[in-house]
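Trainee:
Residue numbers (the working numbering): 693 to 877.
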């Protein structure tokens, strides 16, 4: 696995670049923003981020949680300050169109799906938008995880340690630009 340091140089579609990559691990660490990818996909990742206005360069950083921190699972993609969270990671993957369009159009048998859902499904099928699944884990000091501002975004793992390995997968659309806003907040 290779770790790339990400530096935003210009405004661009970062979420579209992430969707084009398929699967990637994004991280906010005390030194900045990073991406962890397979060694074979480094060139494709650098190229995709370059078209989105982001410089991706090799970094000698190990994205491991610092000692003395506790893990929490993310509820949404609201960014927290670098001094609050020691390591904040988001595992992202592009979701397949078949099950996701079926989920978007699912409704009661006697009702039609809402016009907004049909339009969103049409955008997905035309390739104008992409749907991304994400799982967020963050490590912070115990006292930080008790703060109200942090608890709105993160849920500390206390008893269910199996949830650390597979937190619930949430969805976002590339058009919403939530991942880029989180990564470079």
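From the three backbone atoms N, C-alpha and C, an ideal C-beta is built for every residue, glycine too. Just so it is clear, the structure is predicted and the values come from calculations on it, not from any experiment.
1) Assuming the contact rule is C-beta atoms closer than 8 angstroms, residue 859 and residue 827 should be a hit. Round their C-beta distance to whole Å, please.
2) Can you find the residues in the same chain that come closer than 6 angstroms, C-beta to C-beta, to residue 720, ignoring five residues on each side of it along the sequence?
3) Expressed to the nearest angstrom, what Euclidean distance is found between the alpha-carbon atoms of residue 768 and residue 870?
4) Bridge partners for residue 792 per DSSP, in chain order?
5) Could you check the C-alpha separation between residue 772 and residue 842 for me, to the nearest Å?
6) For the candidate residues 709, 747, 838 and 712, whose alpha-carbon lies nearest to that of residue 700?
7) Which whole-angstrom value describes the C-beta separation of residue 765 and residue 787, a residue pair presumed to lie in contact below a C-beta threshold of 8 angstroms?
Mentor: On the basis of the data shown:
1) Start at 1 with the first residue of the chain shown, and residue 859 comes out as number 167. Start at 1 with the first residue of the chain shown, and residue 827 comes out as number 135. Yes, they are in contact, since the Cβ atoms of residue 859 and residue 827 sit about 5 angstroms apart, within 8 angstroms.
2) Against the chain shown, residue 720 aligns to sequence position 28. Closer than 6 angstroms at Cβ, skipping near neighbours: 780.
3) The residue you call residue 768 lines up with position 76 of the chain shown. The residue you call residue 870 lines up with position 178 of the chain shown. The alpha-carbon atoms of residue 768 and residue 870 are separated by roughly 9 angstroms.
4) Here residue 792 refers to the residue found at position 100 of the chain shown. Per DSSP, none; premise fails for residue 792.
5) The residue given as residue 772 occupies position 80 in the chain shown. The residue given as residue 842 occupies position 150 in the chain shown. In a straight line, the C-alpha of residue 772 is about 7 angstroms away from that of residue 842.
6) Walking along the chain shown from the start, residue 700 turns up at place 8. Nearest C-alpha to residue 700: 747.
7) In the chain shown, residue 765 corresponds to position 73, counting from 1. In the chain shown, residue 787 corresponds to position 95, counting from 1. So it is not a contact: roughly 19 angstroms between Cβ atoms.
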